[in-house]
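Structure record follows, encoded as structure tokens.
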Amino acid sequence: MRDITVLFFSYAADRMNGRSRRYAVADGTTVETLFNEKLAPVLGDAIGQFRFSVNAAWADPSRVLADGDEVAVIPPVSGG
Amino acid sequence: MRDITVLFFSYAADRMNGRSRRYAVADGTTVETLFNEKLAPVLGDAIGQFRFSVNAAWADPSRVLADGDEVAVIPPVSGG
Amino acid sequence: MDIIRVQDRAIEMGEALEAIQDPAVGGQALFLGTVRNHFEGRPSWGLFYEAYQELAEAEMAAIAAELKAEFGVSHVVMVHRVGELALGESAVLVAVSSAHREEALKACQAGIDRIKARVPIWKKERWADGATDWHDDPDASSGETPL
Amino acid sequence: MDIIRVQDRAIEMGEALEAIQDPAVGGQALFLGTVRNHFEGRPSWGLFYEAYQELAEAEMAAIAAELKAEFGVSHVVMVHRVGELALGESAVLVAVSSAHREEALKACQAGIDRIKARVPIWKKERWADGATDWHDDPDASSGETPL
Numbered sequence: 007m008r009d010i011t012v013l014f015f016s017y018a019a020d021r022m023n024g025r026s027r028r029y030a031v032a033d034g035t036t037v038e039t040l041f042n043e044k045l046a047p048v049l050g051d052a053i054g055q056f057r058f059s060v061n062a063a064w065a066d067p068s069r070v071l072a073d074g075d076e077v078a079v080i081p082p083v084s085g086g
Numbered sequence: 007m008r009d010i011t012v013l014f015f016s017y018a019a020d021r022m023n024g025r026s027r028r029y030a031v032a033d034g035t036t037v038e039t040l041f042n043e044k045l046a047p048v049l050g051d052a053i054g055q056f057r058f059s060v061n062a063a064w065a066d067p068s069r070v071l072a073d074g075d076e077v078a079v080i081p082p083v084s085g086g
Numbered sequence: 060m061d062i063i064r065v066q067d068r069a070i071e072m073g074e075a076l077e078a079i080q081d082p083a084v085g086g087q088a089l090f091l092g093t094v095r096n097h098f099e100g101r102p103s104w105g106l107f108y109e110a111y112q113e114l115a116e117a118e119m120a121a122i123a124a125e126l127k128a129e130f131g132v133s134h135v136v137m138v139h140r141v142g143e144l145a146l147g148e149s150a151v152l153v154a155v156s157s158a159h160r161e162e163a164l165k166a167c168q169a170g171i172d173r174i175k176a177r178v179p180i181w182k183k184e185r186w187a188d189g190a191t192d193w194h195d196d197p198d199a200s201s202g203e204t205p206l
Numbered sequence: 060m061d062i063i064r065v066q067d068r069a070i071e072m073g074e075a076l077e078a079i080q081d082p083a084v085g086g087q088a089l090f091l092g093t094v095r096n097h098f099e100g101r102p103s104w105g106l107f108y109e110a111y112q113e114l115a116e117a118e119m120a121a122i123a124a125e126l127k128a129e130f131g132v133s134h135v136v137m138v139h140r141v142g143e144l145a146l147g148e149s150a151v152l153v154a155v156s157s158a159h160r161e162e163a164l165k166a167c168q169a170g171i172d173r174i175k176a177r178v179p180i181w182k183k184e185r186w187a188d189g190a191t192d193w194h195d196d197p198d199a200s201s202g203e204t205p206l
């Protein structure tokens with residue numbers, strides 16, 4: 007098992023009712039699997055609505071997670 | 007006769023050896039005539055090199071001068 | 060000198076002007092994004108900004124490197140503010156300097172465009188009627204105006 | 060508020076920022092032209108600027124009116140300095156504010172382009188080798204570099 011921290015921002019944080027959560031996932035779990043299994047049911051949005059980072063660097067949904075990784079769920083940005 | 011003041015700037019002032027000159031011109035004299043008769047011989051440049059203003063508003067070379075007019079000879083600008 | 064920073068204190072123009080100063084530079088272009096009292100016709104009282112600071116600063120640094128490579132600008136400042144902002148306060152500053160003016164202006168425009176498109180920062184509008192909405196939320200509660 | 064001025068004292072950014080401030084404004088674009096230490100590869104020690112002040116201010120006011128009509132910007136500041144300027148000093152400032160950033164940036168670019176093309180102001184380069192040349196002079200004394 008891998009211990010993963012997930013960060014949420016903007017309306018995703020509102021829907022998750024928090025800015026971070028910890029999850030234990032099976033070896034070989036990808037960002038996409040994590041999203042679909044753990045997050046999508048609460049967020050209610052398709053994975054295509056978001057971008058992702060792992061350890062503060064942009065990451066593809068196919069990225070395999072390592073123990074201790076920090077994943078961020080990035081809604082469409084609206085800075086400026 | 008009309009009494010006309012002519013202002014010079016930039017390299018035109020250098021060539022005229024002064025920033026303004028007064029000229030007495032015949033009734034009906036235009037900016038172009040003034041330029042060709044009085045200024046071109048000293049400036050050494052064709053009238054097409056310059057723009058003109060009369061009383062601080064842009065003026066065509068065909069403008070007929072009135073007594074007391076202030077004409078400016080405007081070389082290509084280089085501000086900024 | 061470059062400055063790339065997400066901060067919760069007010070943006071200072073003087074710091075940016077000093078950073079991009081350079082004897083070889085002839086043009087300095089700056090863009091300041093400020094909080095305005097309306098959005099698409101609806102009155103607003105202000106904005107709340109939140110950032111994923113670490114990734115936001117990394118992405119702004121990547122954009123700054125792009126501006127230097129693409130436009131040949133000498134110095135780049137990008138500062139984005141987070142937290143509660145009142146009307147008229149500055150949310151973002153992009154400042155670049157270059158030997159020539161065209162490059163400085165183009166780089167400044169590209170800089171703010173790319174910050175808005177790519178940097179993980181989000182804003183929540185505090186509508187004058189009391190409602191609030193994240194600008195990016197597909198289910199924004201108040202549907203009178205498109206977000 | 061607009062400011063349109065040819066002046067012999069240093070340009071102040073703070074005055075411009077205050078002038079273009081407006082609660083309805085979301086974007087402020089500024090361009091600052093500064094004296095640099097080279098021109099087309101030739102080392103320089105500074106610039107001397109001269110203006111036909113009355114006509115220059117009238118022409119800048121005409122350009123400001125164009126920017127409002129064409130780009131819908133709210134406020135326009137155009138300040139040009141004259142006299143002896145040292146390296147790094149600012150010769151010209153264009154600052155505009157608008158509800159949206161695109162218009163502010165486009166208007167700022169058009170503003171400085173039109174000032175350079177139309178406003179009766181001239182600059183004389185003080186080359187590092189001691190020579191001086193008006194930038195517009197077709198017979199500039201030193202022909203090593205095209206002016």
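Chains as they are written, first to last, in this note's numbering: chain H, 7 to 86; chain G, 7 to 86; chain V, 60 to 206; chain E, 60 to 206.
For glycine and all other residues, C-beta sits at the position ideal for the given N, C-alpha and C.
This one's a predicted model, so the numbers in the text were calculated from it and none came from an experiment.
Min CB distance residue i to chain E below 9 Å
| i | result |
| --- | --- |
| residue 46 of chain G | no |
| residue 74 of chain G | no |
| residue 82 of chain V | yes |
| residue 60 of chain V | no |
| residue 280 of chain V | Nothing about residue 280 of chain V can be reported from this structure: the residues present for chain V run from 60 to 206 only. |
| residue 88 of chain V | yes |
| residue 160 of chain V | yes |
| residue 72 of chain V | yes |
| residue 15 of chain V | Outside the displayed span of chain V (60 to 206) sits residue 15 of chain V, for which this structure offers no information. |
| residue 121 of chain V | no |
| residue 195 of chain V | no |
| residue 206 of chain V | Residue placement at residue 206 of chain V cannot be trusted, given a pLDDT of 41 that sits under 50; what the coordinates show is reported in the next sentence. Not an interface residue. |
| residue 30 of chain G | no |
Minimum Cβ-Cβ distance from residue i to chain V less than 9 Å
| i | result |
| --- | --- |
| residue 92 of chain E | yes |
| residue 70 of chain H | no |
| residue 171 of chain E | yes |
| residue 166 of chain E | no |
| residue 176 of chain E | no |
| residue 69 of chain E | no |
| residue 67 of chain H | no |
| residue 16 of chain H | yes |
| residue 53 of chain H | no |
| residue 86 of chain H | yes |
Supposed close pair residue i, residue j - CB separation, criterion 8 Å
| i | j | result |
| --- | --- | --- |
| residue 85 of chain V | residue 93 of chain E | 6 Å |
| residue 115 of chain V | residue 179 of chain V | 5 Å |
| residue 83 of chain H | residue 36 of chain H | About 23 Å; that fails the 8 Å criterion. |
| residue 141 of chain E | residue 75 of chain E | At roughly 17 Å, the Cβ-Cβ gap does not stay under 8 Å, so residue 141 of chain E and residue 75 of chain E are not in contact. |
| residue 158 of chain E | residue 87 of chain E | Their Cβ separation, rounded to whole angstroms, is 11 Å, which puts residue 158 of chain E and residue 87 of chain E out of contact at 8 Å. |
| residue 102 of chain E | residue 193 of chain E | With 8 Å as the limit, residue 102 of chain E and residue 193 of chain E do not qualify as a contact, their Cβ atoms being about 18 Å apart. |
| residue 110 of chain V | residue 151 of chain V | Not quite, the Cβ-Cβ distance comes to about 11 Å (not below 8 Å), so this is no contact. |
| residue 24 of chain G | residue 14 of chain G | 7 Å |
| residue 77 of chain H | residue 40 of chain H | 7 Å |
| residue 75 of chain H | residue 10 of chain H | 5 Å |
Interface flag, residue i vs chain G, CB-CB below 9 Å
| i | result |
| --- | --- |
| residue 113 of chain E | yes |
| residue 150 of chain E | yes |
| residue 117 of chain E | yes |
| residue 201 of chain E | Because the pLDDT at residue 201 of chain E is just 49, under 50, the model does not fix this residue reliably, and the value given afterwards should be weighed accordingly. So, not an interface residue. |
In DSSP terms, what residue i is bridged to
| i | result |
| --- | --- |
| residue 134 of chain E | E:156 |
| residue 192 of chain E | E:184 |
| residue 149 of chain E | E:93 |
| residue 9 of chain H | H:30 |
| residue 144 of chain E | E:106 |
| residue 71 of chain V | DSSP output for residue 71 of chain V lists no bridge partner at all. |
| residue 60 of chain H | H:63 and H:77 |
| residue 87 of chain V | V:156 and E:91 |
Identify each residue in the segment 127-145 of chain E for which the Cβ-Cβ distance to at least one residue of chain V is less than 7 Å, and report them in chain order. Those residues of the segment 127-145 of chain E that come within reach of chain V (Cβ to Cβ, closer than 7 Å) do not exist; the list is empty.
For a minimum of 4 consecutive residues, which ranges assigned as the alpha helix (DSSP H) are wholly contained in the segment 21-54 of chain G? 37-40 and 46-49
Would you list, in chain order, the members of the segment 95-109 of chain E that have their beta-carbon closer than 8 Å to a beta-carbon of chain G? 108 and 109
Positions along the segment 181-192 of chain V whose CB lies within less than 7 Å of some CB in chain H: 181 and 182
Can you list, in chain order, the stretches of the beta strand (DSSP E) that have 3 or more residues and sit fully within the segment 97-127 of chain E? 101-110
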